[in-house]
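Read through the structure below, which is laid out as structure tokens, and then see the notes.
2 protein chains.
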Amino acid sequence: MKKELSHIPKECVAYNFTKTARHLASFYRKIINRSGLQGMQFQLLLAIRLYEPVSISVLAKKLEIDRTTLSRNLKRLEKNALVNFENAEDQRIHNVQLSESGNKILTSALPLWEEAQNLILDRFGTDNWHQLLDSMNKLERIIS
Amino acid sequence: MKKELSHIPKECVAYNFTKTARHLASFYRKIINRSGLQGMQFQLLLAIRLYEPVSISVLAKKLEIDRTTLSRNLKRLEKNALVNFENAEDQRIHNVQLSESGNKILTSALPLWEEAQNLILDRFGTDNWHQLLDSMNKLERIIS
DNA sequence: CCAAGAAAGGTGTATGTACACTGTTTATGA
DNA sequence: TCATAAACAGTGTACATACACCTTTCTTGG
Numbered sequence: 002m003k004k005e006l007s008h009i010p011k012e013c014v015a016y017n018f019t020k021t022a023r024h025l026a027s028f029y030r031k032i033i034n035r036s037g038l039q040g041m042q043f044q045l046l047l048a049i050r051l052y053e054p055v056s057i058s059v060l061a062k063k064l065e066i067d068r069t070t071l072s073r074n075l076k077r078l079e080k081n082a083l084v085n086f087e088n089a090e091d092q093r094i095h096n097v098q099l100s101e102s103g104n105k106i107l108t109s110a111l112p113l114w115e116e117a118q119n120l121i122l123d124r125f126g127t128d129n130w131h132q133l134l135d136s137m138n139k140l141e142r143i144i145s
Numbered sequence: 002m003k004k005e006l007s008h009i010p011k012e013c014v015a016y017n018f019t020k021t022a023r024h025l026a027s028f029y030r031k032i033i034n035r036s037g038l039q040g041m042q043f044q045l046l047l048a049i050r051l052y053e054p055v056s057i058s059v060l061a062k063k064l065e066i067d068r069t070t071l072s073r074n075l076k077r078l079e080k081n082a083l084v085n086f087e088n089a090e091d092q093r094i095h096n097v098q099l100s101e102s103g104n105k106i107l108t109s110a111l112p113l114w115e116e117a118q119n120l121i122l123d124r125f126g127t128d129n130w131h132q133l134l135d136s137m138n139k140l141e142r143i144i145s
């Protein structure tokens, strides 16, 4: 007889998070795309505005994403003239900052993020979200 | 004066889920890789075992992933001889099922999934996880 | 001072994701 | 019946992820 395995996808922490994350990213992306930005581009421009001028490695740590992934994503932003790189005194460090148009398009996208966020929170409840977020953060601490 | 924006990454539902999902996927992947399987390969083989023989579209709906993404991921499994395709009477449908070696390697990976899952649940608490999962499922229903 | 190592970043390669579009096969209703 | 629509799947293209490996630049301890 074959072992019953249907509990695995139902219970697997990674699978369920990945699935929900995909759907949520899609939800936000469809709205934020109206600004001309991809979802990831929005995240990056926002993070750059918060920390600029900032090196690639530092930004990767802030966003908790792989440095080489970030590096390539930033390269696309540079190609679209949304960010600029410049060297620091330390010649190893490539500092990134928003360009004029990067700043402009980010500003235009902020209300779209609000719209997506509010669509979710109005239906899910802000308190429920904060509780969920707390729980997720505990989970994160466990695996790092 | 510049508007304060640091609440956005802290609060954004999509960003926080994506980040946690990445970390969790990495956690499971490192363990499951010891079987020779990628994390996604494990998911797919498992789902195929649960539903085989199953068409690509049906499998995509079960897994809630994009059909074309699934199609290409399955192509890699086929290339590695872990699954087989065969046509149904309905010539449009390509049914997929596990090969001998696909079955074997999946069986060998199951204890590794248990290991990863238990590492998380032992530290996080099964009840906490079920509560979190409930909340996530509510969130999913809201956005679909 | 300077050799060894650490830090920053890039490249090669492979996998994963998803939208727009296409072709083929089956179902359906006027 | 047969034109039209729906269902199934593949391809083109672009973006996103991440590991292994490399070079360049700085730091540090003997």
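Protein chains in written order, with this note's numbering: chain A, 2 to 145; chain B, 2 to 145. Glycine included, each C-beta is placed from N, C-alpha and C at the ideal position. On a predicted model such as this, the values are computed, not experimentally measured, just so you know.
DSSP on residue i, reduced to helix/strand/coil?
i	result
A/S102	helix
A/N81	coil
A/E116	helix
B/S56	strand
B/E87	strand
Using only CA atoms, which one of the options lies nearest to residue i?
i	options	result
A/K139	B/L133, B/L140, B/K139	B/L133
A/H95	A/V84, A/P10, A/D135	A/V84
A/S145	B/A26, B/T108, B/K105	B/A26
B/W114	B/F28, B/Q92, B/L71	B/F28
B/H8	A/H131, A/I143, A/L71	A/H131
B/I143	A/D135, A/S136, A/N129	A/N129
Does the beta-carbon distance from residue i to residue j come in below 8 Å?
i	j	result
A/G103	A/L51	no
B/I49	B/A110	no
A/L53	A/Q98	Residue 53 of chain A is actually Glu in this sequence, not Leu. Contact flag set, yes.
B/S100	B/A82	yes
Note down, in chain order, each residue of its chain lying with its Cβ closer than 7 Å to the Cβ of residue i, except the 5 sequence neighbours on either side.
i	result
A/P10	Y16
A/K80	none
B/I106	S36, G37, L38, L83
B/E5	none
Excluding the 5 residues flanking residue i on each side, which residues of the same chain have their C-beta closer than 8 Å to its C-beta?
i	result
A/D67	A61
B/R30	Q39, G40
Could you name the residues of the same chain whose beta carbon sits closer than 6 Å to that of residue i, not counting the 5 residues immediately before and after it, in chain order?
i	result
B/E87	N96
A/T70	none
B/L64	A48
Could you check whether the region 47-59 of chain A touches the region 120-132 of chain A, counting it as contact only if at least three pairs of C-beta atoms, one from each stretch, sit closer than 8 Å? Under the Cβ criterion (8 Å, minimum of three pairs), the region 47-59 of chain A does not count as touching the region 120-132 of chain A.
Does the region 36-49 of chain A come into contact with the region 33-45 of chain B, if we say contact requires no fewer than three beta-carbon pairs (one atom in each stretch) closer than 8 Å? Judged by Cβ distances under 8 Å, the region 36-49 of chain A makes no contact with the region 33-45 of chain B, as fewer than three pairs qualify.
Between the region 18-33 of chain B and the region 66-80 of chain B, are three or more C-beta pairs nearer than 8 Å? With the cut-off at 8 Å, the region 18-33 of chain B and the region 66-80 of chain B do not touch.
So, does the region 4-20 of chain A touch the region 107-118 of chain B, judging by three or more C-beta pairs under 8 Å? Counting Cβ pairs under 8 Å, three or more are found: they touch.
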